[in-house]
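K.L.:
Got a structure for you, written out below as structure tokens; questions coming shortly.
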Amino acid sequence: MSGNLLHRQPILRRPDGVGGALPALTLITLFFVVPVVALLLRSVTEPVPGLQNYATLFGDGTYARVFLNTFLVATVVTAVTVIVAFPVAWMLAIMPPALGSIVFGIIILSMWTNLLTRTYAWMVLLQRTGVINRTLMDIGLISQPLPLINNLTGVTIGMVYIMLPFMILPLVGTLRAIDPMTLRAAALCGASPFDAFRRILLPLSLPGIAAGGLMVFVMSLGYFVTPTLLGGTSNMMLAAMIAQMIQSLLNWGLGSAAAFILLLVTMALYALQLRLVGAKRMTGGI
């Protein structure tokens, strides 16, 4: 009898079709589609209907310089982050697990530290009377303080430090998946360390570099706090310009247009990364 009761109990099944995806679709609609549509509408309706906000952004030299500076900073930060993060990720991939866990924990811990606190710390370190300039002058490497703040140098240093974990994490996963015997085989075949890196290690690590590089580049495009504090007004980026348009000038139309352009660029870069990395994987990395 107990067996009959068990057979009569309803079996819970996973919902199929649109019904199963309805909660996710609802969240995406509320928190992504609706804000983006509202942003687009404000960009073409304020102060009057039309595309004058986009014409102003692309036609005014001042706004064009802000766009150029934003992409320049994002490109430089991404390139430097890749260069710095690769040896760190490789060290984490080959070191003993116990030691690697400690170093990995230190890197993760830096992500939990308050962003504003870290940026102010770099302001103290990079200023003309800061620790870095004073140390370089004390050991005789320089005679005058270096301009390390309120310029591209300060922005790059501060943002690379903040972006490093986002580049290291995907790189470590990719490098750990590479079979060490591949590099040993290359060495046995007479390949130099540089050739093994250039022809084997670097191509196999491209998916991690692409994933981390895209993340760093996109985050750098929309960064606000660090470029504002370390770069100053002479190195204004797009996020700071959008904040100024909306908060100070109350120009919602122009600010929405700039934000929508930034969103389109981000989505285009993501689509390009998927296409390139996907094609690379389909061809077996050739």
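Just so it is clear: in the sequence shown, position 173 is 1197 by the numbering used here, and no numbers are missing. Each residue gets a CB set at the ideal place from its N, CA and C atoms; glycine is no exception. Model, not experiment: these values are computed from the prediction.
Can you tell me which of Met1291, Gln1076 and Ile1130 puts its alpha carbon nearest to the alpha carbon of Ser1280?
P.N.:
Gln1076
K.L.:
Less than 7 Å between C-beta atoms, sequence neighbours within five positions excluded: which residues of the same chain meet that for Gly1182?
P.N.:
Thr1143, Trp1146, Thr1250 and Leu1254
K.L.:
Would you mind working out which of Ala1113, Ile1270 and Gly1246 sits nearest Leu1288, comparing C-alpha positions?
P.N.:
Closest by C-alpha distance to Leu1288, out of Ala1113, Ile1270 and Gly1246, is Gly1246.
K.L.:
So Leu1283 and Leu1063 are in contact, right, with Cβ under 8 Å, and what is the actual spacing, rounded?
P.N.:
Checking the sequence, you will find Ala at residue 1283 rather than Leu. The pair is a contact, with the Cβ atoms about 6 Å apart (cut-off 8 Å).
K.L.:
Which term fits Ala1235, buried or exposed, when burial requires 16 or more other beta carbons within 10 angstroms of its beta carbon?
P.N.:
Ala1235 counts as buried, since no fewer than 16 other beta carbons sit within 10 angstroms of its beta carbon.
K.L.:
Taking the continuous alpha helix (DSSP H) assigned at Pro1189, which residues delimit it?
P.N.:
Leu1176 to Arg1200
K.L.:
Taking 8 Å as the threshold, find out whether the stretch 1215 to 1232 comes into contact with the stretch 1127 to 1144 through three or more Cβ pairs.
P.N.:
no
K.L.:
Work out the CA separation of Ala1088 and Pro1071 for me, nearest whole Å.
P.N.:
Whole-angstrom Cα-Cα distance: 21 Å.
K.L.:
Could you please give the first and the last residue of the uninterrupted alpha helix (DSSP H) stretch that includes Met1205?
P.N.:
Pro1204 to Leu1212
K.L.:
Return the chain-ordered ranges of every beta strand (DSSP E) run that is complete within the stretch 1051 to 1088 and spans a minimum of 3 residues.
P.N.:
none
K.L.:
Suppose the cutoff is 6 Å on Cβ atoms and the five residues either side in sequence are ignored; what does the same chain contact list for Phe1190 look like?
P.N.:
Within the same chain, Met1239 and Val1240 come within 6 Å of Phe1190 by CB-CB distance, once the 5 residues on both sides are set aside.
K.L.:
Does the separation of the CB atoms of Leu1150 and Ile1173 fall below 8 Å?
P.N.:
yes
K.L.:
Should Leu1165 go down as buried or exposed, given a rule of 16 or more other Cβ atoms within 10 Å for buried?
P.N.:
exposed
K.L.:
Identify which residue in Leu1262, Ser1258 and Leu1228 has its Cα closest to the Cα of Met1243.
P.N.:
Leu1262
K.L.:
What does the alpha-carbon distance come out to for the pair Phe1055 and Val1184?
P.N.:
30 Å
K.L.:
Leaving aside the five residues before and after Ile1156 along the sequence, list all residues of the same chain whose C-beta is less than 7 Å from its C-beta, in chain order.
P.N.:
Leu1149, Leu1150 and Leu1172
K.L.:
Should Val1179 go down as buried or exposed, given a rule of 16 or more other Cβ atoms within 10 Å for buried?
P.N.:
buried
K.L.:
Could you spell out the range, first to last residue, of the alpha helix (DSSP H) harbouring Arg1222?
P.N.:
Segment: none, Arg1222 is in no alpha helix (DSSP H) and carries neither H nor E.
K.L.:
Evaluate Ala1211 with the Cβ neighbour count: other Cβ atoms within 10 Å of its Cβ, from every protein chain shown; 16 or more gives buried, anything less gives exposed.
P.N.:
exposed
K.L.:
Roughly how far, in whole angstroms, is the beta-carbon of Val1108 from the beta-carbon of Leu1176, given that I think they are within contact range, below 8 Å?
P.N.:
Not really, about 17 Å apart at Cβ, beyond 8 Å.
K.L.:
Within the continuous alpha helix (DSSP H) that includes Pro1251, where are the two ends?
P.N.:
Val1249 to Gly1255
K.L.:
Are Leu1188 and Thr1105 touching if we call contact CB-CB under 8 Å?
P.N.:
Yes, the pair counts as a contact, with Cβ atoms nearer than the cut-off.
K.L.:
In this structure, how does DSSP classify Thr1137 when only helix, strand and coil are distinguished?
P.N.:
coil
K.L.:
With DSSP run on the structure shown, which of helix, strand or coil describes Leu1169?
P.N.:
Contrary to the premise, residue 1169 reads as Pro rather than Leu in this sequence. Note: Pro1169 maps to coil in three-state DSSP.
K.L.:
For Ala1267, I'd like the list of residues in its chain whose CB is within less than 7 Å of its CB, leaving aside the five on either flank, ordered along the chain.
P.N.:
Phe1248
K.L.:
Our contact map puts Ile1233 next to Leu1207 with C-beta atoms below 8 Å; I'd like the distance itself, whole angstroms only.
P.N.:
That belief does not hold up - the Cβ atoms of Ile1233 and Leu1207 are roughly 17 Å apart, past 8 Å.
K.L.:
When you compare only the Cα positions, how much space is there between Ala1209 and Leu1225?
P.N.:
12 Å
K.L.:
Specify the secondary structure class of Thr1153 as computed by DSSP and reduced to three states.
P.N.:
coil
K.L.:
Put Tyr1294 into one of helix, strand or coil per three-state DSSP.
P.N.:
When secondary structure is reduced to three states using DSSP, Tyr1294 falls in the helix class.
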